[in-house]
Amino acid sequence: MQNFDPYDALVPVFLRTQAPNRVAQLGTAVFVELHGEPFLYTAAHVTDDHKTGELLVPTATGLEPIDGYMAFIDLPPEVRRGTDRIDIAYYRLSSKFATDLCGHFRPVPQTRCELIKSSLELTVCSVSGYPATKSGKTADGAHRSEIFSFRGVAAQQHVYDSLELSSDLNIVIHFNKKQAVDPEKFEKTSTPSLKGISGGGIFAWPKGEELSDDWNLPKLVGLMHSFRERDGLIIGTTLLPVLAAVQLGKMKRFGGIR
Numbered sequence: 006m007q008n009f010d011p012y013d014a015l016v017p018v019f020l021r022t023q024a025p026n027r028v029a030q031l032g033t034a035v036f037v038e039l040h041g042e043p044f045l046y047t048a049a050h051v052t053d054d055h056k057t058g059e060l061l062v063p064t065a066t067g068l069e070p071i072d073g074y075m076a077f078i079d080l081p082p083e084v085r086r087g088t089d090r091i092d093i094a095y096y097r098l099s100s101k102f103a104t105d106l107c108g109h110f111r112p113v114p115q116t117r118c119e120l121i122k123s124s125l126e127l128t129v130c131s132v133s134g135y136p137a138t139k140s141g142k143t144a145d146g147a148h149r150s151e152i153f154s155f156r157g158v159a160a161q162q163h164v165y166d167s168l169e170l171s172s173d174l175n176i177v178i179h180f181n182k183k184q185a186v187d188p189e190k191f192e193k194t195s196t197p198s199l200k201g202i203s204g205g206g207i208f209a210w211p212k213g214e215e216l217s218d219d220w221n222l223p224k225l226v227g228l229m230h231s232f233r234e235r236d237g238l239i240i241g242t243t244l245l246p247v248l249a250a251v252q253l254g255k256m257k258r259f260g261g262i263r
């Protein structure tokens with residue numbers, strides 16, 4: 006198996022607005038290489054904010070607007086994004102921008118992505134990204150973010166039924182913030198809010214390795230988009246809808262992006 010740390014592929018997404026004039030961390034994206042082409046996968050409610058400002062990510066030259074072809078699940082005007090059960094988006098990055106992104110990040114190779122048939126196959130997953138509450142500025146004024154992972158047991162069919170979700174397209178992970186345990190000390194620990202993790206990766210641990218700390222083992226199986234704190238459930242989408250959207254974009258030649 007190719008040696009790869011999934012954390013290297015997680016990219017914080019920032020929003021720059023004019024009113025108010027500020028830059029704030031918005032969500033997370035996953036840098037992926039698919040058929041030799043560079044992509045950022047994220048949640049549609051993250052890219053929706055391009056209507057109110059400019060989406061930025063860290064590059065070798067600092068925070069820069071994302072350069073590429075963007076596609077997302079569009080909804081009718083009467084439908085709220087909060088009710089979107091799929092909630093995925095992607096950028097097919099320009100080659101130059103992808104090179105600049107490699108100043109800080111490394112794409113997930115295709116061999117470390119897995120297209121699962123059903124989320125019921127999963128046992129334990131880690132949901133990883135950048136909590137917005139952990140973002141800030143360094144002493145010299147540069148924006149910074151901090152990665153966190155939230156590990157939990159994959160839900161069974163009755164949970165999907167209760168949420169009216171599909172175990173073929175969605176992924177549901179049990180995670181109770183109040184019962185979180187430090188994986189090294191096996192002691193109760195506090196965790197940051199999951200706000201800002203949206204668009205982050207869902208990584209599945211192999212059976213028999215559920216408690217491992219070897220990040221060469223898990224594979225990317227989906228993207229996180231919401232957290233039901235009261236129910237202790239993290240919800241996301243498998244890679245299947247993302248790949249279907251990418252295929253549609255390919256038919257459109259990704260708007261001419263190269």
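Anchor point for the sequence shown: position 218 equals 223 in this note's numbering, and the numbering is continuous, going up by one each time. Yeah, the Cβ is synthetic: ideal placement off N, Cα and C, and Gly gets one too. Nothing here was measured: the structure is a model prediction, and the numbers come from that model.
Counterpart residues of residue i in DSSP-defined beta bridges
{"i": "Thr22", "result": "Arg27"}
{"i": "Gly227", "result": "Ile207, Thr243"}
{"i": "Phe9", "result": "DSSP output for Phe9 lists no bridge partner at all."}
{"i": "Thr33", "result": "Pro17"}
{"i": "Phe232", "result": "Ile239"}
For residue i, three-class secondary structure by DSSP
{"i": "Ala160", "result": "coil"}
{"i": "Ile262", "result": "coil"}
{"i": "Asp17", "result": "Checking the sequence shown, residue 17 turns out to be Pro, not Asp. DSSP places Pro17 in strand when its eight states are reduced to three."}
{"i": "Leu98", "result": "strand"}
{"i": "Arg85", "result": "coil"}
{"i": "Lys255", "result": "helix"}
{"i": "Ala249", "result": "helix"}
Cβ neighbour criterion (16 or more within 10 Å) applied to residue i
{"i": "Met6", "result": "Residue placement at Met6 cannot be trusted, given a pLDDT of 46 that sits under 50; what the coordinates show is reported in the next sentence. Classification of Met6: exposed, given that the 10 Å Cβ count is below 16."}
{"i": "Val158", "result": "exposed"}
{"i": "Leu60", "result": "buried"}
{"i": "Val51", "result": "buried"}
{"i": "Met75", "result": "buried"}
{"i": "Asp10", "result": "exposed"}
{"i": "Ser123", "result": "exposed"}
{"i": "Asp89", "result": "buried"}
{"i": "Lys224", "result": "buried"}
{"i": "Val247", "result": "buried"}
{"i": "Ala209", "result": "buried"}
{"i": "Arg263", "result": "exposed"}
{"i": "Pro17", "result": "buried"}
{"i": "Arg117", "result": "buried"}
{"i": "Thr22", "result": "exposed"}
{"i": "Thr47", "result": "buried"}
{"i": "Gly254", "result": "buried"}
Candidates the options, of which the one nearest residue i by Cα
{"i": "Ala160", "options": "Ser231, Pro136, Lys101, Ile240", "result": "Ile240"}
{"i": "Phe242", "options": "Ile262, Tyr135, Ile178", "result": "According to the sequence as given, residue 242 is Thr; it is not Phe. Selected option, being the one with the closest Cα: Ile178."}
{"i": "Gly146", "options": "Arg27, Asp72, Tyr74", "result": "Arg27"}
{"i": "Ser198", "options": "Pro223, Gly134, Ala103", "result": "Gly134"}
{"i": "His230", "options": "Val113, Leu174, Lys257", "result": "Leu174"}
{"i": "Gly205", "options": "Leu170, Leu45, Lys212, Thr143", "result": "Leu45"}
{"i": "Ile152", "options": "Glu169, Gly261, Phe110", "result": "Phe110"}
{"i": "Leu125", "options": "Val164, Leu225, Ser217", "result": "Val164"}
{"i": "Asn8", "options": "Pro112, Ala144, Ser140", "result": "Pro112"}
{"i": "Ala49", "options": "Ile207, Tyr12, Thr33, Thr64", "result": "Thr33"}
{"i": "Thr196", "options": "Thr47, Thr138, Leu170", "result": "Thr138"}
{"i": "Ser171", "options": "Val35, Leu245, Asn221", "result": "Leu245"}
{"i": "Ser140", "options": "Lys257, Gly237, Leu20", "result": "Leu20"}
{"i": "Lys56", "options": "Lys212, Val37, Gln252, Ala24", "result": "Ala24"}
{"i": "Val226", "options": "Gly213, Glu169, Ile202, Gln115", "result": "Gln115"}
{"i": "Gly87", "options": "His40, Phe155, Phe232", "result": "Phe232"}
Proximity test, residue i beta-carbon vs the ligand NAD heavy atom, cut-off 7 Å
{"i": "Val113", "result": "Annotation note on the ligand NAD: not contained in the displayed structure, which lists no ligands."}
>> Runs of 3 residues minimum, wholly inside the stretch 105-178: which ones carry the beta strand (DSSP E) assignment?
In response: 129-134, 153-158
> What are the start and end residues of each continuous alpha helix (DSSP H) run of 4 or more residues lying completely inside the stretch 38-78, in chain order?
Replying inline: 49-52
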